[in-house]
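Reading through the structure tokens given below for one structure.
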Amino acid sequence: MSWLIFLVWFGNIVCDTVGQLAFKGAATEPDEENKPQSLFQYWLALFRQPLLWLGIISYVAEFLLWMAFLTLVPLSEGILLGSINIIVIMVLGRLFFDEKLTSMRVLGISFVAIGVAIVGAF
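Just so we're aligned: 22 in UniProt numbering is position 22 of the sequence shown, and the numbers increase by one with no gaps anywhere.
Right, dumping it as structure tokens:
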């Protein structure tokens, strides 16, 4: 794997992870003073959250990096290498949002990591 492919792939992972975590943070950030009373008020409050906009910007950057990545690698490899995002997001979800990592999820993470390592090696 060339340095350019690695950098684009790494940038994609970072942008996807930041986007996912920002969306989760925006959706779960408590606002006790201005608790929305309706769905419309909830969405208005959500659109005022900087984390939502960070997530949107990250997703746009991730989309552009993903398109660049797919121009550099075959789709069959790109999809497998893109799966590493699942691992990163699950681990950081545990760290930042105290989400549970069950034994089945850890097993799944292990299978994804092994698959990505095999694809990356060849």
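Every residue, glycine too, gets a C-beta built ideally from N, C-alpha and C.
Limits of the unbroken alpha helix (DSSP H) element including residue i
i	result
serine 76	75-82
lysine 24	3-28
threonine 71	50-72
Residue from the options whose Cα sits closest to the Cα of residue i
i	options	result
leucine 9	Leu51, Trp66 and Ala113	One point to set straight first is that residue 9 is tryptophan, not leucine, in the sequence displayed. It is Trp66 whose Cα lies nearest to the Cα of tryptophan 9.
glycine 25	Ile84, Gly11, Met104 and Glu99	Glu99
isoleucine 79	Phe47, Ser38, Glu29 and Val116	Val116
phenylalanine 6	Leu95, Met90, Val91 and Glu77	Glu77
glutamine 49	Ala22, Gln37 and Ser38	Ala22
isoleucine 114	Leu95, Leu81 and Leu101	Leu81
alanine 45	Phe96, Ile56, Ala27 and Ile57	Ala27
Beta-carbon separation (whole angstroms), residue i vs residue j, contact threshold 8 Å
i	j	result
valine 18	leucine 72	Not confirmed; about 22 Å, so no contact.
valine 60	isoleucine 13	About 16 Å; that fails the 8 Å criterion.
isoleucine 86	valine 119	Incorrect: roughly 14 Å between the Cβ atoms, too far for contact.
leucine 107	methionine 90	Not confirmed; about 12 Å, so no contact.
Which of helix, strand or coil DSSP assigns to residue i
i	result
serine 38	coil
leucine 101	coil
phenylalanine 47	helix
phenylalanine 122	coil
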